[in-house]
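Student:
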């Protein structure tokens, strides 16, 4: 059942992105930025956690999970250190994603030549 | 008059994209990406005996790796031509934006090329993510304590 939910959630997020892309003049960069903000907004009151319980990995795949992980790490540290915690814990959970993207793209760009 | 005529001609010759078809394709491919993500989470938690939370981190790293690799082989743009947003909105789009910038500016050198330009497109995702997460986190701290 969780696979059906994952299909539905991830599909609907992609459709919203496609509709924005088709009907407005925004670029894919705008759309991804918008979805990160949306993910952070949905996690303000822990709604995104409920979506993850419902859709499992399907909710972690779209870029909205990036915003969710940012605010999640920040709030975790904030519960311990208060306002300074927001700054301390911001990258706690997204560190793996950002670091891996930087490391893979750096080394692969040394190995491959651009194709057009 | 001239301008209007020109616009009419341009409108006639711009290819009309079928929006319904685009949305349907984005729904199916995006949904399949979600199923793939959930499948990888299940697989990793079964193989390595770790919690689903840790397995989802593994899954994100795997998707980023394949997003980068597909970009290097030049497959990613072909897939996006077909799959539309179904491949841009998932985390693979984030990996693609970094990888393509790194590949493109590589000839300008390691520091001024790759180092300075890698985050050219992906930087907006990180910056808006951090700013919005800080803003919403502040709101949540003030309301809920």
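Chains as they are written, first to last, in the working numbering: chain P, 1 to 116; chain A, 117 to 261. Ideal placement from N, C-alpha and C gives every residue a C-beta, glycine not left out. All values reported here derive from a predicted model rather than from experimental measurement.
What is the residue span of the alpha helix (DSSP H) that residue 183/A lies within?
Tutor: As a first step, residue 183/A must be located in the second chain, where it is residue number 67. First-last of the alpha helix (DSSP H) with residue 183/A: 168-189.
Student: Which residues in the same chain have their Cβ closer than 8 Å to the Cβ of residue 91/P, if we skip the five residues on either side of it in sequence?
Tutor: Sequence index remark: in the first chain, residue 91/P carries index 91 (1-based). If we look at residue 91/P and ignore the five residues flanking it on each side, its Cβ neighbours are 70, 73 and 98.
Student: Please list, in chain order, all residues of the same chain as residue 51/P whose beta carbon is under 8 Å from its beta carbon, the five residues on each side excluded.
Tutor: On the first chain, residue 51/P is found 51 positions in, with the first residue counted as 1. The answer, listed in chain order, is 9, 42 and 59.
Student: From this set, 4/P, 108/P and 11/P, which residue's C-alpha is nearest residue 203/A's C-alpha?
Tutor: Taking the second chain and counting its residues from 1, one reaches residue 203/A at position 87. Nearest option by C-alpha distance: 11/P.
Student: Buried or exposed: which applies to residue 82/P, given that a residue is buried once 16 or more other Cβ atoms fall within 10 Å of its Cβ?
Tutor: The residue labelled residue 82/P in the question sits at position 82 within the first chain. That one is exposed.
Student: In the structure shown, what three-state DSSP assignment does residue 132/P receive?
Tutor: No information on residue 132/P is available, as it lies outside the stretch 1 to 116 that chain P covers here.
Student: Where do the N-terminal and C-terminal ends of the alpha helix (DSSP H) with residue 235/A fall, by residue?
Tutor: Position 119 of the second chain, counted from the first residue, corresponds to residue 235/A. Note, residue 235/A: premise wrong, no alpha helix (DSSP H); not H, not E.
Student: Hey, quick one: how far does the alpha helix (DSSP H) through residue 216/A stretch, first residue to last?
Tutor: As a first step, residue 216/A is located in the second chain; it is residue number 100 there, counting from the start. Taken as a continuous stretch (DSSP letters only), the alpha helix (DSSP H) holding residue 216/A covers 207-220.
Student: Only counting the same chain, and skipping five residues up and downstream in sequence, which positions put a Cβ closer than 7 Å to that of residue 119/P?
Tutor: A question about residue 119/P goes unanswered here, because the residues of chain P that appear run from 1 up to 116.
Student: Could you tell me how far apart the beta carbons of residue 150/A and residue 6/P are, in whole angstroms, since I believe they sit closer than 8 Å?
Tutor: Reading the second chain from its first residue, position 34 is the one you call residue 150/A. Reading the first chain from its first residue, position 6 is the one you call residue 6/P. Confirmed, about 4 Å.
Student: Going by DSSP, what residues sit across from residue 62/P in a beta bridge?
Tutor: On the first chain, residue 62/P is found 62 positions in, with the first residue counted as 1. 206/A, per the DSSP bridge assignment.
Student: Between residue 220/A and chain P, is any beta-carbon pair separated by less than 8 Å?
Tutor: As a position in the second chain, residue 220/A is number 104, starting the count at 1. Closer than 8 Å to some Cβ of chain P, the Cβ of residue 220/A qualifies, so yes.
Student: For residue 76/P, which three-state DSSP category applies?
Tutor: Along the first chain, one-based indexing puts residue 76/P at 76. The answer is helix: DSSP assigns residue 76/P an H, G or I state.
Student: Suppose you measure from the CA of residue 104/P to the CA of residue 160/A; what does that come to, to the nearest Å?
Tutor: Counting from 1 along the first chain, the entry for residue 104/P is found at position 104. Counting from 1 along the second chain, the entry for residue 160/A is found at position 44. Going by the C-alpha atoms only, they are around 20 Å apart.
Student: Counting only Cβ pairs nearer than 8 Å, list the residues of chain A close to residue 51/P.
Tutor: Your numbering for residue 51/P matches position 51 in the first chain. Ordered by position in chain A, no residue passes the 8 Å Cβ test against residue 51/P, which lies about 12 Å from the chain.
Student: Going by DSSP in three states, residue 57/P sits in which element: helix, strand or coil?
Tutor: Position 57 of the first chain holds residue 57/P. DSSP places residue 57/P in helix when its eight states are reduced to three.
Student: Residue 90/P touches chain A at which residues, Cβ-Cβ below 8 Å?
Tutor: Looking up residue 90/P in the first chain gives position 90. Within 8 Å Cβ-Cβ: 246, 249 and 250.
Student: Applying a beta-carbon distance threshold of less than 9 Å, which residues of chain A neighbour residue 26/P?
Tutor: The count along the first chain starts at 1 and reaches residue 26/P at position 26. Those do not exist, as residue 26/P stays about 12 Å from chain A at its closest Cβ, beyond 9 Å.
Student: In whole angstroms, what separates the C-alpha of residue 195/A from that of residue 247/A?
Tutor: The residue labelled residue 195/A in the question sits at position 79 within the second chain. The residue labelled residue 247/A in the question sits at position 131 within the second chain. Distance between the alpha carbons of residue 195/A and residue 247/A is about 32 Å.
Student: Does the segment 159-174 of chain A come close enough to the segment 10-30 of chain P that 3 or more CB-CB pairs lie under 8 Å?
Tutor: Short answer: they don't touch.
Student: Between residue 249/A and residue 208/A, what straight-line distance do the alpha-carbon atoms span, to the nearest angstrom?
Tutor: Here the question's residue 249/A lines up with position 133 in the second chain. Here the question's residue 208/A lines up with position 92 in the second chain. Going by the C-alpha atoms only, they are around 21 Å apart.
Student: Where do the ends of the alpha helix (DSSP H) carrying residue 26/P lie?
Tutor: Locating residue 26/P in the first chain gives position 26, where the first residue counts as 1. It is not in any alpha helix (DSSP H) - residue 26/P carries neither H nor E in the DSSP assignment.
Student: Between the alpha carbons of residue 176/A and residue 84/P, how many angstroms are there, rounded?
Tutor: In the second chain, the residue the question calls residue 176/A occupies position 60. In the first chain, the residue the question calls residue 84/P occupies position 84. Whole-angstrom Cα-Cα distance: 28 Å.
Student: Answer with yes or no whether the minimum CB distance from residue 1/P to chain A is below 8 Å.
Tutor: The residue given as residue 1/P occupies position 1 in the first chain. So, not an interface residue.
Student: Buried or exposed, going by whether 16 or more other CB atoms sit within 10 Å of the CB of residue 64/P?
Tutor: One-based indexing of the first chain puts residue 64/P at position 64. The residue is buried, with at least 16 neighbouring Cβ atoms inside 10 Å.
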